[in-house]
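Everything on this sheet refers to the single structure shown next.
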Amino acid sequence: MRILITGSSGQIGTNLALELIGSGHDVFGIDVRENTWTDAFPYRIHDLTERQTLTGGLATLGLPDADLVVHLGAHAKVHQLVREPQRALDNAVMTFNVLEYARQTGLPIVFSSSREVYGDVHRFEEYPEQAADFAFTESTYSASKIAGEAFIYSYARCYDLPYLVFRFSNVYGRFDNDLQRMVRVIPLFTHSMLRGEPITIYGGRDKTLDFTYVDDCVAGITRGIEALAERRVTNQTINLAYGQGNTLVRCAELIANELEVEPQMTLAPSLLGEVTRYVADLSKARELLGYEPKVSLDEGIAMSVAWFREHRATHPEDDVPVRADHEGALGAGQAWKTAAS
Ligand SMILES: NC(=O)c1ccc[n+]([C@@H]2O[C@H](COP(=O)([O-])OP(=O)(O)OC[C@H]3O[C@@H](n4cnc5c(N)ncnc54)[C@H](O)[C@@H]3O)[C@@H](O)[C@H]2O)c1
1 MRILITGSSG QIGTNLALEL IGSGHDVFGI DVRENTWTDA FPYRIHDLTE
51 RQTLTGGLAT LGLPDADLVV HLGAHAKVHQ LVREPQRALD NAVMTFNVLE
101 YARQTGLPIV FSSSREVYGD VHRFEEYPEQ AADFAFTEST YSASKIAGEA
151 FIYSYARCYD LPYLVFRFSN VYGRFDNDLQ RMVRVIPLFT HSMLRGEPIT
201 IYGGRDKTLD FTYVDDCVAG ITRGIEALAE RRVTNQTINL AYGQGNTLVR
251 CAELIANELE VEPQMTLAPS LLGEVTRYVA DLSKARELLG YEPKVSLDEG
301 IAMSVAWFRE HRATHPEDDV PVRADHEGAL GAGQAWKTAA S
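Just so you know, the sequence shown maps onto residues 1 to 341 in this note's numbering.
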């Protein structure tokens, strides 16, 4: 197959592209910035927020023909979007532009949504897909994914566009330690502990998330691509995660264990917009795609830390202080959840 991937310089995009190439598919990427991890596939530098012209939009770029598009391009960090809500609108515009391209060229689309669409409601042990209730939109990032999903569903109804929506959760693993661009919790903890710096667990001891090793996420997307291309599975919204809750404290302890350091942890209240408990119900992914995640958090952290160390050894210039991305325009008092929120 010929697969167009937006957001192809990002963590999931890069891992997915390499996996697809390895399985004999052709990949072409679009991203607003260069891929700093690999030059194994061609891509076009393009800002997907650029307004569509009435005369063709993305179709005017002369992209190579494709059989399917995987739309991963987005501003992907919750706190950054809470701080800069314009970026949430950007996400919706990107999705619209990619959808218009899919409509014009008749391409089925795979869309990367998020467990953030469930909000922070603590109503279920595990979250089945139908539990999403958009009255509980937790952050501007969640709103951007809900808007994206809504656009997809409307295009399916109005224009017969075949789709799969995947809701990911805390994807971690190789190609995620570009901390000056984007601060994700696992590379941040690894980076800080290696430097002998303290870490802060926002959301406290009970904060429980469903961490997904990137190879599991990519395996699920790949199954989805094949099923959608063959029209075996279409127009479905599917959770893709590991299916097990782990506290952030345990995650930090596993990293410390790998690094053989004593972690200096501080517990703090949740940040605005954060989900503090989520465990995916994977029944639908199993049933429709035969998806079976393989990498436990223990194994995944060991592989991630090993990859981080290997990468850091060849990039000593990255060993500098990192600013967490909730630090910024919002005053300190505005960055935390209050009882009312
Ligand atoms: N990683 C996770 O835990 C997770 C969880 C849920 C959902 N998602 C979603 O999955 C997708 C991929 O996530 P990721 O972790 O690889 O994030 P990422 O930030 O590593 O990749 C996203 C890519 O989109 C690109 N992009 C941003 N703005 C763009 C624009 N205007 N034009 C073109 N490209 C643009 C970025 O440059 C980046 O390379 C995102 O849509 C994200 O919201 C990720």
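C-beta atoms are modelled at their ideal positions from N, C-alpha and C, and glycine is treated no differently.
Keep in mind that this is a model prediction, so the values were computed, not measured.
Assigned secondary structure, residue i (DSSP; H/G/I helix, E/B strand, else coil)
i	result
Ser112	strand
Gln236	strand
Asp160	coil
Gly224	helix
Gly22	helix
Phe166	strand
Val214	helix
Asp31	strand
Leu72	coil
Gly13	helix
Spatial distance of residue i from residue j (CA atoms)
i	j	result
Glu262	Ala256	6 Å
Pro85	Thr140	6 Å
Arg83	Lys207	22 Å
Leu330	Gln80	With a pLDDT of 44 at Leu330, under the threshold of 50, the modelled position of that residue is not reliable, and the figure given next carries that caveat. Approximately 10 Å between the Cα atoms of the pair.
Tyr153	Ile238	13 Å
Ser113	Glu317	33 Å
Ala227	Gln244	25 Å
Leu18	Pro198	35 Å
Thr200	Met1	44 Å
Tyr291	Glu149	22 Å
Tyr163	Ala156	7 Å
Gly73	Gln264	35 Å
Pro269	Lys145	25 Å
Leu158	Phe189	Residue identity differs from the one stated: residue 158 is Cys in this sequence, not Leu. Going from the Cα of Cys158 to the Cα of Phe189 covers about 45 Å.
Ala92	Gly173	27 Å
Thr137	Tyr127	15 Å
Cβ pair residue i, residue j closer than 9 Å
i	j	result
Ile21	Val69	no
Asp120	Arg277	yes
Val279	Asp210	yes
Gln236	Leu288	yes
Val214	Val171	yes
His71	Gly29	no
Leu48	Leu58	yes
Thr95	Ala147	yes
Asp281	Glu50	no
Ser169	Val78	no
Arg167	Arg115	yes
Val218	Asn15	yes
Whole runs of the alpha helix (DSSP H) within the segment 241–313, excluding any shorter than 4 residues: The qualifying runs are 248–259 and 283–289.
Whole runs of the beta strand (DSSP E) within the segment 37–66, excluding any shorter than 3 residues: Within the segment 37–66, the complete beta strand (DSSP E) runs of at least 3 residues are 43–45.
3 or more residues per run - each beta strand (DSSP E) lying fully within the segment 78–163: Runs of the beta strand (DSSP E) inside the segment 78–163: 109–114.
Complete beta strand (DSSP E) runs within the segment 177–209 (minimum length 3 residues, chain order): As far as the segment 177–209 is concerned, its whole beta strand (DSSP E) runs of at least 3 residues are 199–202.
The segment 1–16 touching the segment 34–53, judged by at least three CB pairs closer than 8 Å: By the Cβ rule, the segment 1–16 counts as touching the segment 34–53, because three or more pairs are nearer than 8 Å.
Meets three-Cβ-pair contact criterion under 8 Å: the segment 95–103 and the segment 120–140: The segment 95–103, when compared against the segment 120–140, does not touch it at the 8 Å Cβ threshold.
Touching by the beta-carbon criterion (3+ pairs, under 8 Å), the segment 304–317 and the segment 190–205: By the C-beta criterion, the segment 304–317 is judged to be in contact with the segment 190–205, since at least 3 inter-stretch pairs fall below 8 Å.
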